[in-house]
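Engineer: For the sequence shown, position 142 matches number 142 in full-length UniProt numbering, and the numbering has no gaps at all.
Have a look at the structure that comes next, please.
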Amino acid sequence: MICSSCSLLHEVRVVQTRSSSIMQYVYTEIERFKGFYRSIYARLQWWGLGASQVTSTRLGAPRVTFTSLICLSQLHETKEKSVDVVHKKAHKGITEGRASLTVVIDRNAARNEGEVGGRSAQKGTQRRERGWQTRRSHVESDQQLDCGLDLMRRLPPQQVEKNLNDLIDLCPRLLDDLLSAVDQPLKIARDKDTGKEYLLCDYNRDGDSYRSPWSNTYDPPLEDGAMPSDKLRKLEIEVNAAFEAYRDAYFEGGVSSVYFWDLDYGFAGVVLIKKIGDGCRLIQGCWDSIHVIEIQEKAGGRHAHYKLTSTVMLWLQTNRQGSGMMNLGGSMTRQVEADHPVNDSTNTHLVNMGRMIEDMESKIRSTLNEIYFGKTKQIVGELRTMLDAEELKRQKMIANEIKGGITK
């Protein structure tokens, strides 16, 4: 009997020892999981999730919280159930808790991805808005440029420089476009080496220096200024001499200058002529003509393509006792393209360019004489008359008598 009791006591002690080791293992796992859960909870709070969101959010899934985990630890302390039950519940709680945390973390990652996608969409919208604003700004700039050029065409040519500066003050961002598109009256300078006058423009300008066509030097001196090639410089000298004779024949004085520069596909040049009225016969005025020509030699070298753009600015001012002060001015631009035969001699280009410029100036001069001056004379004649009222009445009566006699 005593032996049976001892063996039974020994078995109970073995069971208690085993149960204690098992419970210690379960308790250790629960504590480790609680620490893991707290770290995840702290991270989720740092991500911006509330305490109510740190639970399982799957429909139908049991809510595994700290309370349920604490209850598992209390089972060990109170020993309300057997070791197997505690072990199974602990394992189930740990598994469900990990699954719950996985769901929460996955949903939080999806939320973060949504926020990233939202930020990307917002950035895309901002980029589109900036693109629209840029395009709108370009459209507004184009409209302002068109209005500015249209305004400059209607203002007196003798005041182009002043009006252009005022327009640039109004729209500073149109500075480059206006300066490149608006032709200004030509200015005169004198070559220090030869003593001859020459005209200033953007085509003979390099920085703040201007190149003289007579001495081929810059004033102020410029070491690395742009220069034409030797062949083109030779043609430049010949064309300058030719247009000096042309200017004397058509304008009876004035100043002329010709400049050439090299291009990748050929060469280009500009012919400038300026004639200022001497003020005799109580008439003041100025004629400025700018002829820009591009020459592109075709394959074979037997023909060349010429593109001529001519601009003429003219203004006149009279002050007579009978008519009073009268101002007349305007500008006109015309363009023409043509193909002409050429040969190895440079005189071919000189003849072709001279003929095209002469024809263009004749057409512009005829247009100014017939349309501008003729129309102005007609309007002034209708507004003002040199005859008194009695003379007009008498002329009207004579006209009616002639008309009545023809009718009979």
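Glycine included, each C-beta is placed from N, C-alpha and C at the ideal position.
With DSSP run on the structure shown, which of helix, strand or coil describes residue 353?
Structural biologist: In the structure shown, residue 353 sits in a helix (DSSP, three-state: H, G or I).
Engineer: Kindly indicate the opening and closing residues of the alpha helix (DSSP H) around residue 240.
Structural biologist: Element bounds for residue 240: 230 to 251.
Engineer: Taking one C-beta from the stretch 299 to 308 and one from the stretch 332 to 343 each time, how about it: are there three or more such pairs within less than 8 Å?
Structural biologist: Contact between the stretch 299 to 308 and the stretch 332 to 343 is present, because at least three Cβ pairs lie under 8 Å.
Engineer: Could you check what DSSP says for residue 171 in three-state terms: helix, strand or coil?
Structural biologist: Coil.
Engineer: Decide if residue 366 is buried, meaning its Cβ has at least 16 other Cβ atoms within 10 Å, or exposed.
Structural biologist: Result: exposed.
Engineer: Taking the alpha-carbon positions, what's the residue 168 to residue 202 distance?
Structural biologist: If I take the Cα positions, the gap works out to 18 Å.
Engineer: Can you give me the C-alpha to C-alpha distance between residue 294 and residue 266, rounded to a whole angstrom?
Structural biologist: Their backbone Cα atoms lie some 8 Å apart in a straight line.
Engineer: Which value, in whole angstroms, describes the spacing of the CA atoms of residue 204 and residue 388?
Structural biologist: About 57 Å.
Engineer: By a C-beta neighbour count over all protein chains shown, 10 Å radius and 16 as the cutoff for buried, is residue 211 buried or exposed?
Structural biologist: Residue 211 is buried by the Cβ-count criterion.
Engineer: Less than 8 Å between the CB atoms is what I'm expecting for residue 199 and residue 257, so what's the real figure, rounded?
Structural biologist: Between residue 257 and residue 199 the Cβ distance is about 4 Å, and since that is below 8 Å, they are a contact.
Engineer: May I have the straight-line CA-CA distance separating residue 411 from residue 327, to the nearest angstrom?
Structural biologist: Any property of residue 411 remains undetermined from this structure, which presents the chain solely from 1 to 408.
Engineer: From the DSSP secondary-structure annotation, give me the bridge partner or partners of residue 334.
Structural biologist: Looking at the DSSP assignment, residue 334 forms a beta bridge with 310.
Engineer: Could you give the distance in angstroms between the alpha-carbon of residue 234 and the alpha-carbon of residue 214?
Structural biologist: If I take the Cα positions, the gap works out to 12 Å.
Engineer: For residue 377, report the span of its alpha helix (DSSP H) as first-last.
Structural biologist: From DSSP, the alpha helix (DSSP H) with residue 377 extends over 374 to 383.
Engineer: Confirm, please, whether the CB-CB distance from residue 356 to residue 308 is below 9 Å.
Structural biologist: It is a contact, given that the beta carbons lie within the stated cut-off.
Engineer: Shortest alpha-carbon distance to residue 411 belongs to which of 255, 259 and 219?
Structural biologist: A query on residue 411 cannot be resolved here, the shown segment of the chain reaching from 1 to 408 and no further.
Engineer: In its own chain, which residues sit with a C-beta less than 6 Å from the C-beta of residue 348, not counting the 5 before and 5 after it?
Structural biologist: 342.
Engineer: Taking just the CA atoms, how far does residue 284 sit from residue 209?
Structural biologist: So the alpha carbons of these two residues sit roughly 31 Å apart.
Engineer: What span of residues does the beta strand (DSSP E) with residue 268 cover, start to end?
Structural biologist: Per DSSP, residue 268 belongs to the beta strand (DSSP E) from 267 to 276.
Engineer: So residue 172 and residue 315 are supposed to be a Cβ contact under 8 Å. How far apart are they, rounded?
Structural biologist: Not confirmed; about 28 Å, so no contact.
Engineer: Assign residue 339 to one of three DSSP states: helix, strand, or coil.
Structural biologist: Strand.
Engineer: Anyone know if the C-beta pair for residue 262 and residue 232 falls short of 9 Å?
Structural biologist: It is a contact, given that the beta carbons lie within the stated cut-off.
Engineer: Would a C-beta distance cut-off of 9 Å place residue 271 and residue 288 closer than the cut-off?
Structural biologist: Not a contact, by the Cβ cut-off of 9 Å.
Engineer: Three-state secondary structure (DSSP) at residue 216?
Structural biologist: Residue 216 falls in the coil class under three-state DSSP.
Engineer: What does a CB cutoff of less than 7 Å around residue 253 pick up in its chain, not counting 5 residues either side in sequence?
Structural biologist: 275.
Engineer: In this structure, does DSSP put residue 211 in helix, strand or coil?
Structural biologist: Residue 211 falls in the strand class under three-state DSSP.
Engineer: Decide if residue 269 is buried, meaning its Cβ has at least 16 other Cβ atoms within 10 Å, or exposed.
Structural biologist: The residue is buried, with at least 16 neighbouring Cβ atoms inside 10 Å.
Engineer: Applying the criterion that 16 or more other CB atoms from any shown protein chain within 10 Å of the CB defines a buried residue, is residue 186 buried or exposed?
Structural biologist: It counts as buried.
Engineer: Excluding sequence positions up to five away, which residues of its chain have a Cβ less than 6 Å from the Cβ of residue 141?
Structural biologist: Within the same chain, residue 141 has no close Cβ partners at all.
Engineer: Determine the closest residue to residue 221 out of 240, 164, 191 and 290, with distance taken between C-alpha atoms.
Structural biologist: Minimum Cα distance to residue 221 is reached at 191.
Engineer: Which class does residue 223 belong to by DSSP, given the choice of helix, strand or coil?
Structural biologist: Residue state, collapsed to three classes: coil.
Engineer: If you compare alpha carbons, which of 218, 182 and 176 is closest to residue 189?
Structural biologist: Nearest option by C-alpha distance: 218.
Engineer: Using CA coordinates, which residue listed in 206, 240 and 247 is at the minimum distance from residue 227?
Structural biologist: Per the Cα distances, 206.
Engineer: Quick one: what does DSSP say residue 325 is sitting in, helix, strand or coil?
Structural biologist: DSSP places residue 325 in strand when its eight states are reduced to three.
Engineer: Going by DSSP, what residue range makes up the beta strand (DSSP E) through residue 368?
Structural biologist: That residue, residue 368, is in no beta strand (DSSP E); it is neither H nor E in DSSP.
Engineer: Per DSSP, residue 150 is paired with what?
Structural biologist: Paired residues: none, contrary to the question.
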